[in-house]
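Student: Sharing a structure with you now.
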Amino acid sequence: MVARHGRCVHAPCLTRSCLTRCRSAAAGVPLPAGIGTEAALVTGIECISSRSSCAAAGRRSLRQSPAAPIALEGMSQMAPKDIGALRGADETLTHQIVDTFATVSESDLAWTEKIWGSLASVDGSLQVDFGLGKYQNRGIIDGFAGVSRGREQWTVRGSRELRTAPELMGIGPIEYEIIDPLTKVRFRLAENDIQPISFDLVLSGVTQPFFEDRNLVRNRHTGRVDVNIVRYHQGGWASGTVTVNGETYEVRPETWFGYRDHSWGVRQAVGAAPTDLAPRRSATPKPGAAPVKGLMKWAPVFLRRADGTYYETAIFIAGGAWGYTSAYVNEAGGRQNAVRHAEPHMAYDPRTRFVKGGELHLTMESGEQRVIEVEALGESGFFLKTGLYGEWKGQIHGSWKGKLHLDGEYIADCWSDESLRELGQFRDTPVRVREGDAVGYGIMESIIGGEWPELGLTADSDHQVSYS
């Protein structure tokens with residue numbers, strides 16, 4: 002099974018005609034007066050002029066002026082060889098290790114920092130998904146932004162070299178912004194040449210962010226720590242706009258909700274697997290063998306009581322080799338109440354295996370029994386496979402694709418048999434939840450593998466799609 006994973010609308014342009022209308026991509030401020038084109042080249046300026054004046058950001062890697070790498074190499078020599086390069090963040094009083102922010106605490110190539118967001122209308126008719134991954138030891142940042150409308154899905158993906166703008170949280174049109182730390186963030190996909198979608202959404206938390214338990218997985222055969230991740234999440238109401246094929250939808254609180262998370266550490270399936278190691282044991286059953294049974298549920302949801310106060314719960318259950326459970330009921334004031342045992346009782350569509358609804362049964366450490374009712378909303382649900390949760394069309398997250406690369410696709414019917422064989426069942430499903438007089442919303446991710454005749458799930462719907 003899988004262990005779960007946070008202004009230019011075009012390519013960087015360093016032509017002399019564009020530099021006078023540029024700003025620092027890393028700082029997001031106007032070009033200071035008196036800085037000419039040569040200085041702009043040295044400081045790594047990114048163009049914000051019209052797309053017509055620059056090369057289109059299409060399905061290709063884009064070249065930059067040779068002057069920029071020379072300057073960046075000079076920057077990396079601002080400290081002795083045993084100290085990392087200086088970054089803007091090094092001016093702050095937030096260091097945690099005896100090095101600069103150019104260096105993380107370990108050299109594992111699988112070290113990753115991730116941003117994820119999923120925002121949807123309360124009727125489930127439209128949804129936006131967003132992901133950003135920074136691979137410090139690989140020198141890469143990549144991400145995706147997409148829209149699910151019923152059974153349709155649009156995805157824009159991006160990847161770029163990290164050192165050209167190490168503190169910029171974005172790739173081309175894909176942008177993430179912290180408006181108010183631990184309270185309010187912004188997800189943005191600018192107009193682009195890849196897909197006819199764009200959005201500008203702000204998510205405002207109804208509670209403070211909460212951590213889940215550390216996700217720590219050791220390889221049973223080698224002893225290596227394959228996964229060592231910490232993650233916090235936050236839910237709330239959304240505002241802004243979403244545009245699809247020229248039609249703009251207004252997004253307002255109470256009619257749109259969302260969740261976000263931020264994780265960092267070592268995770269599985271980053272970049273291509275080494276070719277000189279012992280073969281991994283496949284989870285796919287051998288011919289004639291019974292399909293492997295397993296399940297995964299990740300469901301952060303917030304609820305509002307009749308008196309207007311909020312609380313939330315986050316359930317993460319991963320069966321099989323991952324063997325991980327984290328479950329809490331969290332109060333807006335910050336108190337986390339541990340769940341001793343969490344058990345999903347869900348109904349599934351027999352053809353797609355999508356969650357239709359059901360109940361989450363929680364046994365608290367105090368022995369209290371709680372039941373949260375779950376209802377899937379509409380047909381929208383963003384399929385994470387196109388965001389590189391698992392290999393997609395030969396692409397793997399964390400892999401080098403050039404200085405800057407953008408691509409994507411449109412899928413007209415994600416529910417067709419052909420699409421399901423490629424996408425599988427792993428998607429961000431918008432849900433409405435209820436516990437007594439408290440009602441709220443959240444996102445549920447679900448995978449259920451193998452045959453479950455008691456749930457109406459046969460081998461015909463078990464497509465054996467890999468998400469790692």
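The numbering of the sequence shown is our numbering, which starts it at 2 and goes up by one. We treat Cβ as the ideally placed atom computed from N, Cα and C, and that holds for glycine. Every value quoted in this text rests on a predicted model; they were computed, and no experiment measured them.
Could you please give me the residues that DSSP links to residue 154 through a beta bridge?
Tutor: Taking the first residue of the sequence shown as position 1, residue 154 is located at position 153. For residue 154, which the question treats as bridged, DSSP gives the partners 149 and 412.
Student: Could you check how far apart the C-beta atoms of residue 260 and residue 116 are, in whole angstroms? I think they sit under 8 Å.
Tutor: Looking up residue 260 in the sequence shown gives position 259. Looking up residue 116 in the sequence shown gives position 115. Actually they are not in contact, since the Cβ atoms of residue 260 and residue 116 sit about 12 Å apart, beyond 8 Å.
Student: Exposed or buried, what is residue 246 when buried is set at 16 or more other beta-carbons lying within 10 Å of its beta-carbon?
Tutor: Looking up residue 246 in the sequence shown gives position 245. By the neighbour-count rule (16 or more Cβ atoms within 10 Å), residue 246 is not buried but exposed.
Student: State the DSSP-derived secondary structure class of residue 249, mapped to helix, strand or coil.
Tutor: As a working note, residue 249 is residue 248 in the sequence shown. Secondary structure at residue 249: strand, using DSSP grouped into helix, strand and coil.
Student: Between the alpha carbons of residue 440 and residue 251, how many angstroms are there, rounded?
Tutor: Within the sequence shown, numbered from 1, the residue matching residue 440 stands at position 439. Within the sequence shown, numbered from 1, the residue matching residue 251 stands at position 250. Residue 440 and residue 251: Cα-Cα distance of roughly 23 Å.
Student: On the criterion of 16 or more Cβ atoms from any shown chain inside 10 Å, does residue 386 qualify as buried, or is it exposed?
Tutor: As a position in the sequence shown, residue 386 is number 385, starting the count at 1. Per the 10 Å Cβ criterion, buried.
Student: Cα separation between residue 227 and residue 330?
Tutor: What you label residue 227 is simply residue 226 of the sequence shown in a count that begins at 1. What you label residue 330 is simply residue 329 of the sequence shown in a count that begins at 1. So the alpha carbons of these two residues sit roughly 28 Å apart.
Student: In this structure, does DSSP put residue 182 in helix, strand or coil?
Tutor: Translated into the one-based positions of the sequence shown, residue 182 becomes position 181. In this structure, residue 182 counts as coil in the three-state DSSP scheme.
Student: With which residues is residue 143 paired in a DSSP beta bridge?
Tutor: Your numbering for residue 143 matches position 142 in the sequence shown. Paired residue(s): 134 and 160.
Student: Which ranges does the alpha helix (DSSP H) cover as unbroken runs of at least 4 residues, wholly within the stretch 374-443, from first to last along the chain?
Tutor: You should have 418-424.
Student: Does the distance from the C-beta atom of residue 391 to that of residue 325 stay below 8 Å?
Tutor: Counting from one through the sequence shown, the residue named residue 391 turns up at place 390. Counting from one through the sequence shown, the residue named residue 325 turns up at place 324. Against a cut-off of 8 Å, the Cβ pair of residue 325 and residue 391 comes out as no contact.
Student: Which class does residue 194 belong to by DSSP, given the choice of helix, strand or coil?
Tutor: To locate residue 194, count along the sequence shown from 1; it is residue 193. Residue state, collapsed to three classes: coil.
Student: For residue 269, which residues in the same chain have their Cβ closer than 8 Å to its Cβ, ignoring the five residues on either side in sequence?
Tutor: Position 268 of the sequence shown, counting from 1, holds the residue named residue 269. Only 4, 111, 218, 227, 228 and 469 meet the Cβ criterion.
Student: In or out: residue 97 buried (at least 16 other Cβ within 10 Å) or exposed?
Tutor: Along the sequence shown, read from residue 1 onward, the residue named residue 97 stands at position 96. Around the CB of residue 97, fewer than 16 other CB atoms lie within 10 Å, so the residue is classed as exposed.
Student: Just verifying my parser: in three-state terms, what is the DSSP assignment at residue 456?
Tutor: For the purposes of this step, residue 456 is taken as the residue at position 455 of the sequence shown. Three-state DSSP puts residue 456 in a helix.
Student: Exposed or buried, what is residue 460 when buried is set at 16 or more other beta-carbons lying within 10 Å of its beta-carbon?
Tutor: If you number the sequence shown from 1, residue 460 lands on position 459. It counts as exposed.
Student: Shortest alpha-carbon distance to residue 450 belongs to which of 242, 191, 296 and 190?
Tutor: Locating residue 450 in the sequence shown gives position 449, where the first residue counts as 1. Among 242, 191, 296 and 190, the Cα nearest to that of residue 450 is on 296.
Student: Would you say the beta carbon of residue 339 is closer than 7 Å to some non-hydrogen atom of the ligand NAP?
Tutor: In terms of ligand content, the structure shown is empty, and the ligand NAP therefore cannot be addressed.
Student: Straight-line CA distance for residue 332 to residue 311?
Tutor: The sequence position of residue 332 within the sequence shown is 331, counting from 1. The sequence position of residue 311 within the sequence shown is 310, counting from 1. If I take the Cα positions, the gap works out to 7 Å.
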